[in-house]
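Okay, structure coming up:
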């Protein structure tokens, strides 16, 4: 009796690879691989194109926002910064420049004077953005690469009428006389500080000593501007040990308004990419499932000829690997070309220059294609390898074995890992998947029950309805799955539209057209009435005033502030962060200010007599302060203590007066205070400020109109970015709908061929198809509406920090949109089935 000899591993591998190539070539020629190949290419194209586009757009927005700082990062201090900081930056290929900002009176002759904001700079400023100048006041400016020459200054246009000077005249800053040579039209970092007070005077840093205005106690702000790649900037940051009072600042730290807008936009871009990955995975999974089911007979034949289960699995894995190795590069190239085409088509709508994308989107596209090609197809083949050929031929495949369940679990884990790698946000990924899964589980059960009721309806319906409802009932489990796939695709698209709308509404409402763009501080109590009257006479509406005093924290829970700061610096790895003992503006009020929300503790009663203090959320978090902590203050030489009874979240983007520290009224109402207010002044009325300051020379006007203009410009560009990403994800969603319809094509082809052979007319079959897809679309739209409402509520409250509200119109628009979209796509994708002769259809499926 002959004994079978084992096949050597190398020969077995070669044989399996050859069989995979033959099978792949045969399936390609017959069109079997067309749908899977196309779906995989489309998936890689969609993920790659969205990834590249989102990556470039995000880099552009961050670069554009960096213009707000005139640098990528800067180090800020009230004292001169060591030269070693600049040397360390240059060693890491980071460009540097230095600025000094301080308020000072400027004089023209013996009579004219004006409080101005002096900015002294070194060559290289600005490192980001552009500086615009003009030859005459209130005329259009032009971009310049120059700076004032030593001994000269450039002035804000408003200073010319205020001082009565012209280009070529001299002004005095302290003890130095400087010649006016240009007019400042705009600066990239104008308005970067709420206390960037008064009209600008730009001069060279080397001229500052001659002015003799920088003395002990002067309010100074030094900045070392930095420009370089993220890696070089991170290396510079790691090489420096910042002292207390020195801060490393990026755009998010410098402007909470812009930081909040960028953070939300970044989350939205990541969410858009995440949804593209989800939709692409679904499309490939549907195509792979259809391919696997169409090969049941081939597997039965191979098993009958003696092929072992391991060889079957290896053979089909080889087919998928070959498809992936061809489809993934094509998809990467196609994604790159598609994103170039999108940029070319939308060039006029993209207001920023897009930097070159990094390698991450291409790697993401390749890994997504590989995971989709293997993880979603192998479970079907793992099931087949353990079923006997007779059961395969009979389509009696039985329950899924543990191996298939394990492979499905592994695929799910791998897919979640891919999403986490892409978004870099566990919170965003888990909330999105959690809300989606909950919606699908609940409404999958509802859809199953509703389809079960179609039997009773079909008994009393006309011929077309009876055929359609019978088809829905006959494939109830399959149709529930299709409803969930349709519903998931529609839900993700609706969710993105709702989030986009919520973001835009939030941004547009935070800075209305008439929001205050000028703040006035240092209003003496005896001047309040006259000051309000002057604004009223000029028809300038203003906000109610806030009382203000200056003070500092001296201790927390009995521990001196210096010790607390040292403990914080040690806990933060040497990063000093904000100083507890810094002098700050303090106010008191009985009512919670507008645009403030208590997030911990409780706001005090308006008539309380007990000393209490409320802190801003970020300030309290940075200094590790919490409800119940007792803070001791030094205010004008007087010591008071008060417990923290509430922590507030501020809407920084509202541009209203905001305070880190607010006291209950009884705590400070006997302290001498000055007052502040704010008002809106259109650009054409800027010269009114000169009249106002001549009448009230002791007050200080803080102009934040430039700051607001920059915020609005950045938000407008972020808005455009969000809309473009939305369009791309809509395309990916449409591909999922088509793939889902194609997944049931074979079963429908067999049924309709039999119906035609039994005498059914084309009109009857076409009508039943349309009704069937309309019912599926209606139920899918209902699932999508409820799921989108639920998931959007979760993301708004947990990720984006946006107001949550219901959308009643979605409950009507969702089912209606599902009915129209699914019915149209379903009918167009399957109408060729009706035209196929029954004999040809049955032969193709035989």
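In this note's numbering, the protein residues as written are -8 to 837. The beta-carbon is built from N, C-alpha and C at its ideal position, and this holds for glycine as well. These numbers come from a predicted model, not from an experiment.
Requested in this report: Go through its chain and collect everything with a Cβ distance to residue 818's Cβ below 8 Å, but skip five positions before and after it.
Outcome: The residues are 757, 760, 761, 764.
Query - Terminal residues of the alpha helix (DSSP H) in which residue 581 lies - result: First-last for residue 581: undefined, no H or E at that position.
Requested in this report: Check whether the Cβ atoms of residue 132 and residue 176 lie closer than 8 Å to each other.
Outcome: Yes, these two residues count as a Cβ contact at 8 Å.
Query raised in the report: Whose C-alpha, out of 590, 320, 425, 779, is nearest the C-alpha of residue 802?
Result: Residue 779 is the option with its Cα nearest to residue 802.
Report task. Would you list, in sequence order, the uninterrupted alpha helix (DSSP H) runs of no fewer than 4 residues that lie entirely inside the stretch 657 to 703? Result -> Segments of the alpha helix (DSSP H) lying fully in the stretch 657 to 703: 679 to 686.
Query raised in the report: If you draw a straight line from the alpha carbon of residue 46 to that of residue 275, how long is it in whole angstroms?
Result: Distance from the CA of residue 46 to the CA of residue 275, rounded to the nearest whole angstrom, comes to 24 Å.
Query raised in the report: In its own chain, which residues sit with a C-beta less than 7 Å from the C-beta of residue 36, not counting the 5 before and 5 after it?
Result: Once the five neighbours on either side are set aside, the close Cβ partners of residue 36 are 322, 325, 326, 329.
Query raised in the report: Roughly how many angstroms separate the alpha carbons of residue 452 and residue 425, rounded to a whole number?
Result: Note that residue 452 scores 43 on pLDDT, short of 50, meaning its location in the model is unreliable and no value can be drawn from it.
Query raised in the report: At which residues does the alpha helix (DSSP H) containing residue 151 begin and terminate?
Result: Taken as a continuous stretch (DSSP letters only), the alpha helix (DSSP H) holding residue 151 covers 150 to 154.
**Report entry** Sequence-distant residues of the same chain with beta carbon closer than 7 Å to residue 631, five excluded per side
**Finding:** Counting only residues of its own chain and dropping the five nearest sequence neighbours on each side, residue 631 has a CB closer than 7 Å to the CB of 602, 624, 658.
Report task. Mark residue 9 as exposed unless 16 or more other C-beta atoms lie within 10 angstroms of its C-beta, in which case mark it buried. Result -> By the 10 Å Cβ count, residue 9 comes out exposed.
Query raised in the report: Along the chain, which unbroken stretches of the alpha helix (DSSP H) at least 4 residues long are found entirely within the stretch 540 to 574?
Result: Runs of the alpha helix (DSSP H) inside the stretch 540 to 574: 552 to 562.
Query - the stretch 767 to 776 contacting the stretch 476 to 484, beta-carbon criterion three pairs below 8 Å - result: The stretch 767 to 776 makes contact with the stretch 476 to 484: 3 or more CB pairs, one atom from each, lie closer than 8 Å.
Query raised in the report: Considering only the beta carbon of each residue, do residue 196 and residue 113 sit closer than 8 Å?
Result: Taking 8 Å as the Cβ cut-off, residue 196 and residue 113 qualify as a contacting pair.
Report task. Would you give the residue range spanned by the alpha helix (DSSP H) that residue 521 belongs to? Result -> Segment 519 to 528, the alpha helix (DSSP H) holding residue 521.
Report task. Please look up how many angstroms separate the CB atoms of residue 537 and residue 666, rounded, as I've assumed it's under 8 Å. Result -> With a Cβ gap of about 7 Å, residue 537 and residue 666 count as contacting.
Query raised in the report: So, are the CB atoms of residue 140 and residue 165 less than 8 Å apart?
Result: The answer is no: Cβ separation not under 8 Å.
Query - Closest Cα partner of residue 67 within the set 82, 84, 83, 91 - result: Here the closest residue by C-alpha is 91.
Query - Given residue 843 as reference, the closest of 436, 361, 782 once Cα atoms are compared - result: Shown here, the chain extends from -8 to 837; a query on residue 843 therefore has no answer.
Query - Endpoints, the beta strand (DSSP E) within which residue 144 is located - result: Residue 144: member of the beta strand (DSSP E) spanning 143 to 147, first to last residue.
Query - Reduced DSSP category for residue 595 - H, G, I as helix; E, B as strand; rest coil - result: If DSSP states are grouped into helix, strand and coil, residue 595 belongs with coil.
Requested in this report: Classify residue 682 as buried or exposed, calling it buried when 16 or more other Cβ atoms lie within 10 Å of its own Cβ.
Outcome: Exposed is the call here.
Query - Terminal residues of the alpha helix (DSSP H) in which residue 287 lies - result: Going by DSSP, residue 287 is part of the alpha helix (DSSP H) stretching over 287 to 295.
Query raised in the report: When the Cα of residue 534 is compared with those of 508, 547, 550, which residue comes out closest?
Result: Of 508, 547, 550, the residue nearest in Cα terms is 508.
Requested in this report: Kindly list the residues whose CB is nearer than 6 Å to the CB of residue 591, restricted to its own chain and excluding five residues on each side of it in sequence; keep chain order.
Outcome: Result list for residue 591: 618, 638, in chain order.
Query raised in the report: Opposite residue 94 in the DSSP bridges: which residues?
Result: Note: residue 94 sits in a beta bridge opposite 108.
Query raised in the report: For residue 71, is the classification buried or exposed, using 16 other Cβ atoms within 10 angstroms of its Cβ as the cut-off for buried?
Result: Its Cβ having fewer than 16 others within 10 Å, residue 71 is exposed.
Query - Cut-off 7 Å between Cβ atoms - residues of its own chain near residue 356, not counting five sequence neighbours on either side - result: Setting aside the 5 residues that flank it on each side, residue 356 is surrounded in the same chain by 35, 38, 39, 42, 322, 323, 326, each with a C-beta closer than 7 Å to its C-beta; the list follows chain order.
Query raised in the report: Who are the near neighbours of residue 614 in its chain, counting only those whose CB is closer than 6 Å to its CB and skipping five residues on each side?
Result: Cβ neighbours of residue 614 within its own chain (closer than 6 Å, five residues either side excluded): 571.
Query raised in the report: Just how far apart, CA to CA, sit residue 31 and residue 364?
Result: One C-alpha to the other measures close to 7 Å.
Query - Which residues DSSP lists as bridging residue 195, in chain order - result: 112.
Query raised in the report: Excluding five sequence neighbours on each side, which residues of the same chain lie with their C-beta closer than 7 Å to the C-beta of residue 422?
Result: Counting only Cβ-Cβ distances below 7 Å, and skipping sequence neighbours, we find 785, 786, 789, 790.
**Report entry** Rounded C-alpha distance that separates residue 27 from residue 608
**Finding:** Taking the straight line joining both Cα atoms gives about 52 Å.
Report task. Give me whichever residues DSSP pairs with residue 47 in a beta bridge. Result -> Residue pairing from DSSP leaves residue 47 without any beta-bridge partner.
Report task. Below 7 Å CB to CB, which residues in the same chain sit around residue 64 once its five sequence neighbours on both sides are set aside? Result -> Scanning its chain for C-beta atoms nearer than 7 Å, with the 5 sequence neighbours on each side dropped, one finds around residue 64 the residues 217, 224, 239, 240, 241, in chain order.
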